[in-house]
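Protein chains in written order, with full-length UniProt numbering: chain S, 1 to 549; chain U, 1 to 191. Cβ coordinates follow ideal geometry from the N, Cα and C atoms, glycine included. In what follows, a structure is listed as structure tokens, so that the remarks can point back to it.
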Amino acid sequence: MAASTVAASELLHNMNKQISILFPKASCVIRQISTSSSRCDCPPQMRAKSTPQQLVGVVGLEIHAQINSNTKLFSGSPVGFSAPPNSLVSPFDASLPGTLPVLNTRCVEAAVMTALALNCTINRKSLFDRKHYFYADLPTGYQITQQRRPIAVDGILHYSLLGGKKSNQMIRKSVTIKQIQLEQDSGKSLHDNLRSQTLIDLNRAGVGLMELVMEPDMSCGEEAAAAVRELQLILQALGTCQGNMSEGQLRVDANVSVHKPGEPLGIRAEVKNINSARFLCRAIDYEIQRQIEVLQRGGTVQNETRTYDSKSGETIPMREKEGLQDYRFMPEPNLPPLIVYEDNASLPTGIDACQVVVVQKIREGLPELPSVKRDRLVQTYGILPEHSLTLVNEDGLMEYFEAVLKATKREPRKVIGWVKNELVAHLKQQDMSVSQSPISPSALAELLELQETGHISSSVAKQVFQEMWRSPDKTASQIIQEQDLGLLSDTAQLHSICQTVLDSHPDEVHAIRNGNKKVLNKLIGLVQKETKGRADPVVVRTIIQEKTS
Amino acid sequence: MLVFSLAAKRACRGVSLKSFHLLTNDGYSITNVEHIHRNTNRCLQSHITNVTRLSSSRPHNSKVPEVATWEPVPDHQLPPPAHIPADLVDKLERLALVDFRTKEGLACLEKAIRFADQLHVVDTSGVEPMDSVLEERALNLRDDAVTDGDCAEELLHLSKKTVEEYFVAPPGNIPLPTREERATILKHSEL
């Protein structure tokens, strides 16, 4: 085993970027990114900038979600991410002649549960098909999927994203789920270009996937990223898929085209191999812009498969598509139709209760979905819906927020401001997740208490926050003491500072005396600058008002 | 007609060992996965039992002919013979990853299509197509418990070429040469 690890890592060094796609773990974990963080070009800007004839993007998604199960879809071998090569493979997964598929109940239940959460119609009877293509990591030469009649159809995914002028308004959108189908995953290929060979690991071959097909209801990368994030949260809440994009548990292919609104859809290109929400957003926006430019130059968009190169931020052609591809679908002869039952009353007599999937039972076991969780946060804490979006979207942020609230008497509305504007901003700047925050919830609570009780001003509080971020082993009160940041309580000292400021700004004093009260704020600001933010603004205002009246 | 009687003949022959091999080759007709894994003989056994049962029901089912019959379909009843344009040959070669552009290859393909053309004569109006003879049977569902895997050594042993615990395949799918390129290759090979 050790030898293989060495060989694999050696290979990884020698390999080109194909590998970073197949082995996304190497390209580090980027997953706290959410709708609120991904900064994409918005379509309105794009329209205004470069398209007098108003070409707009149209985006549909095909999402493969790996089912979170102990064993594979049709075989009893275990599912695992970084096991030694070919250790999780049964004779069926290696497609030895004579082996037959036996369907995993858990995978069916996971698909039904996901379908219910997405308001789909469950097909009482669904069918399996073979989709043929040649690739070394697909040893049978076909994939078992559900082409003619999938397990569920016609659902809807509601999602929200932050938009508007300052990106702080919640915009509600929805996308139609065309279908959810059960299918097998393929194995993995490691291309060793040096020795001109491909190494095949079948550990992933036969793992259960739910393919979710989303209709082209989206118009830009940001919308697609928000929809995928919402789906990811739903899958994680349900436990039907772990949803880790960097480990390939959630893989997104985007169908992108451009057209003038009201006209038929344009020719689409498919962008594959996108392994984070941020890249999804960028890849789609790049592709929309590219197609617009192609059309404006008088060219035509090709129906092709493209891949996203995260280094250059471009999409590049992979292969031509339609015409050459023919999957030769045929009914899977080894699997009779899959029947699911609405409730116990509809079960045929004499059937083994362990051998059936009952929709009603799954519906009753549905957990709290992210949208309900957000509504609950808004109601419980009186925060804005857009705040609840941020709290739920960032992994662990809601728990952090609630932990701060427990340790302080400050109002949730005040705390959310700190969490969102200071904590999240700092985390994003350094590409960190909430769990990596150097400031613990209790440390932040202590800081907020000190401000609340009048020990420090709000501007100093922000200063202390930054200092705490840099030196996580110091508490807020330690920093305040060390740097002498406590609020100036010596009234005489404050009076003299104010007097100095007034004396050096006679014009402003004159203006105030003539009734221009706005100038007052400028003087307060100057005093704050003198005191490095340690003066209580309310006290300063009173002193200046007295002195200028 | 012809097709149906042929199928019946197949089913009868299914009892013999010879046709068992035929079946394994073209698919996954054995009913028990674990058996083949552990013991080929036992699996063979179970398959034969299966087939025997199938044919033993023959006397009770009058719809299955006792003896194969052969009734040639007159050519005028068939649709006009399919013409295979060069583009289609290209596509088929690419899909099948098989080179068959020779005179014999094309003749063989045309013959196969002509043979299948006879299906057009069968009146299937009002008949629901079947996917499988197991259609009316409940699909077997399995508990999500690990019962297999951890046999890398045995599986890798079956492969011609391995590197450590990996199977080794040629690099990617090698695209077929274009039609022009192939035409010259074939010309040379025929000379």
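Give the residues of chain S in contact with residue i, contact being defined as C-beta atoms less than 7 Å apart.
{"i": "leucine 134/U", "result": "Pro336"}
{"i": "arginine 137/U", "result": "Pro336"}
Strictly by DSSP, which residues pair up with residue i?
{"i": "serine 174/S", "result": "His158/S"}
{"i": "residue 551/S", "result": "Residue 551/S lies beyond the range of chain S shown here (1 to 549); nothing can be said about it."}
{"i": "alanine 65/S", "result": "Met210/S and Leu250/S"}
{"i": "isoleucine 122/S", "result": "Ala152/S"}
{"i": "arginine 142/U", "result": "Asn104/S"}
{"i": "histidine 191/S", "result": "Thr198/S"}
{"i": "histidine 259/S", "result": "Val56/S"}
{"i": "alanine 169/U", "result": "Thr198/S"}
{"i": "alanine 269/S", "result": "Val256/S"}
{"i": "tyrosine 341/S", "result": "Val358/S"}
Using the beta-carbon count (16 or more within 10 Å), is residue i buried or exposed?
{"i": "aspartate 144/U", "result": "buried"}
{"i": "serine 82/S", "result": "exposed"}
{"i": "lysine 529/S", "result": "exposed"}
{"i": "glutamine 77/U", "result": "exposed"}
{"i": "alanine 86/U", "result": "exposed"}
{"i": "cysteine 354/S", "result": "exposed"}
{"i": "histidine 120/U", "result": "exposed"}
{"i": "histidine 21/U", "result": "Here the model assigns histidine 21/U a pLDDT of 35, short of 50, so the residue's position is not dependable and the matter cannot be decided."}
{"i": "serine 312/S", "result": "exposed"}
{"i": "valine 540/S", "result": "buried"}
{"i": "lysine 368/S", "result": "The sequence given here places glutamate at residue 368/S; lysine does not occur at that position. Exposed."}
{"i": "cysteine 498/S", "result": "buried"}
{"i": "cysteine 28/S", "result": "Low confidence applies here, because cysteine 28/S scores a pLDDT of 34, under 50, leaving its location unreliable; read the following figure in that light. Under this definition cysteine 28/S is an exposed residue."}
{"i": "valine 98/U", "result": "exposed"}
{"i": "serine 435/S", "result": "exposed"}
{"i": "serine 468/S", "result": "Sequence check: residue 468/S is methionine here, not serine. Methionine 468/S comes out buried."}
{"i": "lysine 406/S", "result": "exposed"}
{"i": "alanine 116/U", "result": "exposed"}
{"i": "methionine 330/S", "result": "exposed"}
{"i": "isoleucine 390/S", "result": "Reading the sequence as shown, one finds threonine at residue 390/S and not isoleucine. Looking at its Cβ environment, which holds 16 or more other Cβ atoms inside 10 Å, threonine 390/S is buried."}
{"i": "cysteine 281/S", "result": "buried"}
{"i": "proline 216/S", "result": "buried"}
{"i": "cysteine 108/U", "result": "exposed"}
Since residue i meets chain U, which of its residues come closer than 8 Å, beta carbon to beta carbon?
{"i": "asparagine 86/S", "result": "Ala152, Leu155, Leu156, Glu165, Tyr166 and Phe167"}
{"i": "valine 89/S", "result": "Gly149, Cys151, Ala152 and Leu155"}
{"i": "isoleucine 151/S", "result": "The premise fails here: isoleucine 151/S is roughly 12 Å from chain U at the closest Cβ pair, so nothing lies under 8 Å."}
{"i": "glutamine 355/S", "result": "Ala138, Asn140 and Leu141"}
{"i": "arginine 229/S", "result": "None at all; the shortest Cβ gap to chain U is about 28 Å."}
{"i": "valine 108/S", "result": "Leu141"}
Figure out for me which residue from the options has the closest Cα to the Cα of residue i.
{"i": "proline 79/U", "options": "Arg114/U, Leu97/U and Val67/U", "result": "Arg114/U"}
{"i": "glutamate 314/S", "options": "Ile274/S, Ser458/S and Pro337/S", "result": "Ile274/S"}
{"i": "aspartate 343/S", "options": "Leu335/S, Val356/S and Arg251/S", "result": "Val356/S"}
{"i": "phenylalanine 92/S", "options": "Lys409/S, Ala152/S and Arg204/S", "result": "Arg204/S"}
{"i": "isoleucine 144/S", "options": "Gly454/S, Gly80/S and Glu211/S", "result": "Glu211/S"}
{"i": "valine 102/S", "options": "Asp148/U, Glu110/U and Lys63/U", "result": "Asp148/U"}
{"i": "proline 78/S", "options": "Leu158/U, Ala152/U, Ala169/U and Lys160/U", "result": "Ala152/U"}
{"i": "residue 563/S", "options": "Gln232/S, Gln302/S and Leu235/S", "result": "The requested residue 563/S is not part of the displayed model; chain S covers only 1 to 549."}
{"i": "valine 213/S", "options": "Met170/S, Thr531/S, Ala65/S and Leu335/S", "result": "Ala65/S"}
{"i": "methionine 318/S", "options": "Ser126/S, Ser174/S, Met218/S and Lys272/S", "result": "Lys272/S"}
{"i": "glycine 243/S", "options": "Ser69/S, Ala403/S and Lys547/S", "result": "Ser69/S"}
{"i": "leucine 487/S", "options": "Phe465/S, Pro472/S, Ser458/S and Ile512/S", "result": "Ser458/S"}
{"i": "glycine 208/S", "options": "Phe74/S, Val424/S and Phe401/S", "result": "Phe74/S"}
{"i": "valine 424/S", "options": "Thr453/S, Ser90/S and Ile439/S", "result": "Ile439/S"}
{"i": "glutamate 222/S", "options": "Ile180/S, Ile512/S, Arg278/S and His259/S", "result": "Arg278/S"}
Quick one: which chain S residues come within Cβ less than 8 Å of residue i?
{"i": "valine 146/U", "result": "Asn70, Thr71, Gly76, Ser77 and Pro78"}
{"i": "leucine 88/U", "result": "Neighbours of leucine 88/U on chain S: none; closest Cβ ~11 Å, over 8 Å."}
Which bits of chain U does residue i rub up against, with CB to CB less than 7 Å?
{"i": "serine 196/S", "result": "Pro171"}
{"i": "alanine 94/S", "result": "Leu155"}
{"i": "alanine 136/S", "result": "Ala169"}
{"i": "aspartate 285/S", "result": "The contacting residues do not exist; aspartate 285/S stays about 30 Å from chain U at best."}
What in chain B is Cβ-close to residue i, meaning under 7 Å?
{"i": "leucine 119/U", "result": "Of the protein chains in this structure, namely S and U, none is chain B."}
Using a C-beta to C-beta distance shorter than 9 Å, which residues of chain U count as neighbours of residue i?
{"i": "glutamine 302/S", "result": "In chain order: nothing, as chain U lies at least about 18 Å away."}
{"i": "proline 261/S", "result": "Near proline 261/S there are no residues of chain U at all, since even the closest Cβ is about 37 Å away, more than 9 Å."}
{"i": "arginine 328/S", "result": "Leu95"}
Along chain S, in chain order, which residues have C-beta atoms closer than 9 Å to that of residue i?
{"i": "aspartate 99/U", "result": "The premise fails here: aspartate 99/U is roughly 14 Å from chain S at the closest Cβ pair, so nothing lies under 9 Å."}
{"i": "residue 194/U", "result": "Any answer about residue 194/U is impossible in this case: the structure gives chain U only from 1 up to 191."}
Return yes when at least one heavy atom of the ligand GDP lies under 7 Å from the C-beta of residue i, else no.
{"i": "aspartate 490/S", "result": "The ligand GDP is not part of this structure, which contains no ligands at all."}
Can you check the segment 97 to 136 of chain U for any alpha helix (DSSP H) of at least 4 residues that lies completely inside it and give the ranges in chain order? 103 to 117
Please give the ranges of any alpha helix (DSSP H) in the UniProt domain "Asn/Gln amidotransferase" (399 to 548) of chain S, keeping only runs that are unbroken, at least 4 residues long and fully inside the region. 412 to 417, 425 to 429, 441 to 452, 458 to 470, 476 to 482, 491 to 504, 506 to 513, 519 to 530 and 537 to 548
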